[in-house]
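*Asks:*
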Amino acid sequence: MALAVNRLNARQVATITKPGRHGDGGGLYLVVDASGARRWLFLFRWKADPSQPGKGKLREMGLGSARDVSLASAREAAAKAREMVRAGVDPIEAKRRSPAAALAPTFGAIAEAHIAAMAPAWRNSKHIDQWRMTLSVERGDHGGYLASGYCTALRDKAVSDVTTEDVLAVLAPIWAEKNETASRVRGRIEAVLDAAKAKGLRTGENPARWKGHLALTLPKRQKLQRGHHAALPYSEVSAFLKRLRLVRGMSSFALEFAIFTAARSGEVRGARWSEIDADQKLWTIPAARMKAGRAHRVPLGPRAIEILETLGQLKRGPDDLVFPGQKRGSSLSDMSLTALLRRLEVDATAHGFRSSFRDWAGDHTTFPREVAEAALAHAVGDATEAAYRRSDALAKRRKLMEAWDTYLSAPSAAPRSDQTAASQPEVAPDGA
Numbered sequence: 004m005a006l007a008v009n010r011l012n013a014r015q016v017a018t019i020t021k022p023g024r025h026g027d028g029g030g031l032y033l034v035v036d037a038s039g040a041r042r043w044l045f046l047f048r049w050k051a052d053p054s055q056p057g058k059g060k061l062r063e064m065g066l067g068s069a070r071d072v073s074l075a076s077a078r079e080a081a082a083k084a085r086e087m088v089r090a091g092v093d094p095i096e097a098k099r100r101s102p103a104a105a106l107a108p109t110f111g112a113i114a115e116a117h118i119a120a121m122a123p124a125w126r127n128s129k130h131i132d133q134w135r136m137t138l139s140v141e142r143g144d145h146g147g148y149l150a151s152g153y154c155t156a157l158r159d160k161a162v163s164d165v166t167t168e169d170v171l172a173v174l175a176p177i178w179a180e181k182n183e184t185a186s187r188v189r190g191r192i193e194a195v196l197d198a199a200k201a202k203g204l205r206t207g208e209n210p211a212r213w214k215g216h217l218a219l220t221l222p223k224r225q226k227l228q229r230g231h232h233a234a235l236p237y238s239e240v241s242a243f244l245k246r247l248r249l250v251r252g253m254s255s256f257a258l259e260f261a262i263f264t265a266a267r268s269g270e271v272r273g274a275r276w277s278e279i280d281a282d283q284k285l286w287t288i289p290a291a292r293m294k295a296g297r298a299h300r301v302p303l304g305p306r307a308i309e310i311l312e313t314l315g316q317l318k319r320g321p322d323d324l325v326f327p328g329q330k331r332g333s334s335l336s337d338m339s340l341t342a343l344l345r346r347l348e349v350d351a352t353a354h355g356f357r358s359s360f361r362d363w364a365g366d367h368t369t370f371p372r373e374v375a376e377a378a379l380a381h382a383v384g385d386a387t388e389a390a391y392r393r394s395d396a397l398a399k400r401r402k403l404m405e406a407w408d409t410y411l412s413a414p415s416a417a418p419r420s421d422q423t424a425a426s427q428p429e430v431a432p433d434g435a
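In our numbering, the protein residues as written are 4 to 435.
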């Protein structure tokens with residue numbers, strides 16, 4: 004007796020909400036996920052060796068999202084797959100080995116091309132690295148790319164075949180716990196797929212689109228999930244420095260330098276000797292490495308100079324990193340500072356010490372707010388006010404940073420360089 008086919012109709016496909024498989028007949032199923040997403044599936048039994056007994060292994064062949072593939076198109080694809088099975092051809096392997104599949108641009112290739120095209124407009128290398136990591140196009144040791152990060156499953160898939168279900172498979176595991184990250188991943192996937200469509204490599208709606216699409220299957224993300232960076236009260240920073248200086252390593256030097264300069268950890272980790280003017284006791288961070296895209300001058304207090312003098316004994320050339328990582332030519336990772344703080348059991352982040360500095364400046368000194376904000380490289384006022392304030396208040400900021408140094412180096416603080424590794428520059432490459 005022939006199997007019944009064409010059990011479903013277009014209205015049912017659009018309105019079925021019960022999770023599970025809904026058969027159309029002939030091995031074709033409409034799958035409704037718990038999230039409400041719908042996709043087409045063709046089930047068939049396959050024996051690699053027909054001479055072996057048994058019915059063979061049940062295999063699943065995806066035919067695309069029900070949003071992108073109509074009922075009629077799904078039936079046509081299932082019919083072709085059934086014919087191949089009857090002819091002794093595995094339709095999954097045939098699709099994988101087809102010339103069209105081999106020549107089709109992959110999501111990973113389009114992501115790489117998109118990053119390369121947009122990189123000149125992005126602020127810094129960290130932003131580029133974030134895109135590469137989340138899209139699984141991280142650069143390897145020999146110039147290639149490694150499949151890692153959140154979108155590994157998409158990397159080798161033809162960009163024309165990426166469906167809503169594929170996108171949800173990436174986002175669903177991280178949507179609740181890493182909502183901010185997941186939202187950025189979604190936006191980057193959407194941008195890559197839009198770029199593919201602009202090149203004529205895709206048709207139809209973008210499966211990563213939020214409004215009117217994924218917003219119907221994923222809960223609305225929180226406006227702010229991360230909160231403020233954990234920070235120590237400024238009254239406890241001196242005591243922390245005493246403990247920090249007992250840890251020998253490049254990470255401890257980098258973190259202490261960041262605390263005394265109130266700089267961002269990324270700015271410190273990327274610092275090069277060519278940026279340091281020892282005579283003027285000044286560190287000039289180029290615009291390319293600043294969050295606001297403007298060069299920033301940092302006056303260096305006594306302890307910051309001591310740290311540089313200690314590490315200067317390891318310097319080979321002006322382009323060397325001040326705080327090198329383990330591998331020659333590499334900088335410390337952000338995780339090295341995080342690991343150091345965890346090791347010291349401190350409930351704070353490296354960035355949080357900037358908050359400690361700002362609270363100290365506001366509560367403990369009479370320096371104007373604008374000077375403290377300038378020390379943190381924060382923009383103050385609107386565009387008009389910024390245009391009139393051409394000076395970066397370097398002289399006033401120098402006094403502020405000297406006062407910060409004095410406060411941190413009070414008798415209750417840690418011993419200075421004569422009791423620390425400053426007199427013995429045997430430094431581990433990455434410390435923590």
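Quick reminder that beta carbons are idealized off the backbone N, C-alpha and C, glycines included.
A quick note: this is a predicted structure, and the numbers were derived from the prediction, not measured.
Give the secondary structure of Arg-346 by DSSP, where H, G and I count as helix, E and B as strand, and everything else as coil.
*Replies:* In the structure shown, Arg-346 sits in a helix (DSSP, three-state: H, G or I).
*Asks:* Which residues in the same chain as Leu-11 place their Cβ atom closer than 7 Å to its Cβ, once the five residues preceding and following it in sequence are excluded?
*Replies:* Excluding sequence neighbours, Leu-11 sits near His-25, Asp-27, Leu-33, Leu-74.
*Asks:* If the criterion is Cβ atoms closer than 8 Å, does the pair Pro-108 and Leu-196 meet it?
*Replies:* No, they are not a contact pair.
*Asks:* Tell me whether Asp-144 sits in a helix, a strand or coil according to DSSP, three-state version.
*Replies:* Only weak support is given to the placement of Asp-144: the predicted model assigns it a pLDDT of 39, under 50, and the value that follows is read from those uncertain coordinates. Three-state DSSP puts Asp-144 in coil, outside helix and strand.
*Asks:* Is Ala-211 closer than 8 Å to Val-162 when the C-beta atoms are compared?
*Replies:* The answer is no: Cβ separation not under 8 Å.
*Asks:* Strictly by DSSP, which residues pair up with Val-34?
*Replies:* Beta-bridge pairing links Val-34 to Arg-24, Arg-42.
*Asks:* So which of Ile-192, Ala-261, Ala-298, Ile-262 has the shortest CA-CA distance to Glu-278?
*Replies:* Here the closest residue by C-alpha is Ala-298.
*Asks:* Using three-state DSSP, classify Pro-327 as helix, strand or coil.
*Replies:* Strand.
*Asks:* Count the other C-beta atoms from every protein chain shown that fall within 10 angstroms of the C-beta of Val-92, then say buried if there are 16 or more, exposed otherwise.
*Replies:* Per the 10 Å Cβ criterion, exposed.
*Asks:* Identify whether Asp-337 lies in helix, strand or coil by the three-state DSSP scheme.
*Replies:* Three-state DSSP puts Asp-337 in a helix.
*Asks:* Return yes when the Cβ of Ser-238 is within less than 8 Å of the Cβ of Leu-247, no when it is not.
*Replies:* Not closer than 8 Å, so no.
*Asks:* Which one of Tyr-410, Ala-380, Ala-185, Leu-411 has the shortest CA to CA distance from Arg-400?
*Replies:* Comparing Cα positions, the closest option is Ala-380.
*Asks:* To the nearest angstrom, how far is the alpha carbon of Tyr-391 from that of Val-349?
*Replies:* Bear in mind that the predicted position of Tyr-391 carries a pLDDT of just 37, short of 50, making it too unreliable to give a figure here.
*Asks:* Have a look at Gln-55 and Gly-39 and give me their C-alpha separation to the nearest angstrom.
*Replies:* So the alpha carbons of these two residues sit roughly 40 Å apart.
*Asks:* How is the alpha helix (DSSP H) around Met-121 delimited, first residue to last?
*Replies:* 110-121 is the span of the alpha helix (DSSP H), which, as asked, contains Met-121.
*Asks:* When you compare only the Cα positions, how much space is there between Gly-315 and Pro-327?
*Replies:* For Gly-315 and Pro-327, the distance between alpha carbons rounds to 12 Å.
*Asks:* Kindly indicate which three-state DSSP category Ile-19 falls into: helix, strand or coil?
*Replies:* Here Ile-19 sits in coil by DSSP.
*Asks:* What does a CB cutoff of less than 7 Å around Asp-366 pick up in its chain, not counting 5 residues either side in sequence?
*Replies:* Closer than 7 Å at the Cβ level, and outside the excluded window around Asp-366, lies no residue.
*Asks:* Where do the ends of the alpha helix (DSSP H) carrying Thr-167 lie?
*Replies:* First-last of the alpha helix (DSSP H) with Thr-167: 167-178.
*Asks:* I need the DSSP call for Phe-370, collapsed to helix, strand or coil.
*Replies:* Of the three classes helix, strand and coil, the one that applies to Phe-370 here is coil, per DSSP.
*Asks:* Determine the closest residue to Arg-300 out of Ala-261, Ala-377, Phe-370, Ala-97, with distance taken between C-alpha atoms.
*Replies:* Among Ala-261, Ala-377, Phe-370, Ala-97, the Cα nearest to that of Arg-300 belongs to Ala-377.
*Asks:* Rounded to whole angstroms, what is the Cα-Cα separation between Ala-364 and Ala-375?
*Replies:* Approximately 7 Å between the Cα atoms of the pair.
*Asks:* Examine chain C for any beta-carbon lying closer than 8 Å to the beta-carbon of Ala-84, and answer yes or no.
*Replies:* Judged by its chain identifiers, the structure shown contains no chain C, having just a single protein chain.
*Asks:* DSSP three-state label for Leu-138, please.
*Replies:* Leu-138 falls in the coil class under three-state DSSP.
*Asks:* Have a look at Leu-344 and Trp-407 and give me their C-alpha separation to the nearest angstrom.
*Replies:* Going by the C-alpha atoms only, they are around 21 Å apart.
*Asks:* Roughly how many whole angstroms lie between the Cα atoms of Phe-360 and Ala-265?
*Replies:* Going from the Cα of Phe-360 to the Cα of Ala-265 covers about 7 Å.
*Asks:* If Ala-122 and Ile-131 are in contact, beta carbons under 8 Å, what's the gap, nearest whole angstrom?
*Replies:* Confirmed, Cβ separation roughly 5 Å.
*Asks:* Can you tell me whether DSSP reads Asp-408 as helix, strand or coil?
*Replies:* Here Asp-408 sits in helix by DSSP.
*Asks:* Between which residues of its own chain and Val-165 is the CB-CB distance below 7 Å, once the five residues before and five after are set aside?
*Replies:* Phe-110, Leu-157, Leu-196, Pro-210, listed in sequence order.
*Asks:* Where do the ends of the alpha helix (DSSP H) carrying Arg-158 lie?
*Replies:* 155-158 is the span of the alpha helix (DSSP H), which, as asked, contains Arg-158.
*Asks:* Determine which residues share a DSSP beta bridge with Phe-47 and list them.
*Replies:* DSSP output for Phe-47 lists Arg-62 as bridge partner(s).
*Asks:* Rounded to whole angstroms, what's the CA-CA distance from Arg-372 to Ala-351? Just pull it up for me.
*Replies:* When rounded, the distance between both Cα atoms is 24 Å.
*Asks:* Distance check for Ala-307 and Lys-294, CA to CA, integer angstroms please.
*Replies:* Using only the alpha carbons, I get a separation of about 22 Å.
*Asks:* Mapping DSSP to helix, strand and coil, what is Arg-275?
*Replies:* Reduced to three states, the DSSP call for Arg-275 is strand.
*Asks:* Taking only three categories from DSSP, how would you classify His-354?
*Replies:* Of the three classes helix, strand and coil, the one that applies to His-354 here is coil, per DSSP.
*Asks:* Anyone know if the C-beta pair for Thr-167 and Ser-68 falls short of 8 Å?
*Replies:* Contact flag set, yes.
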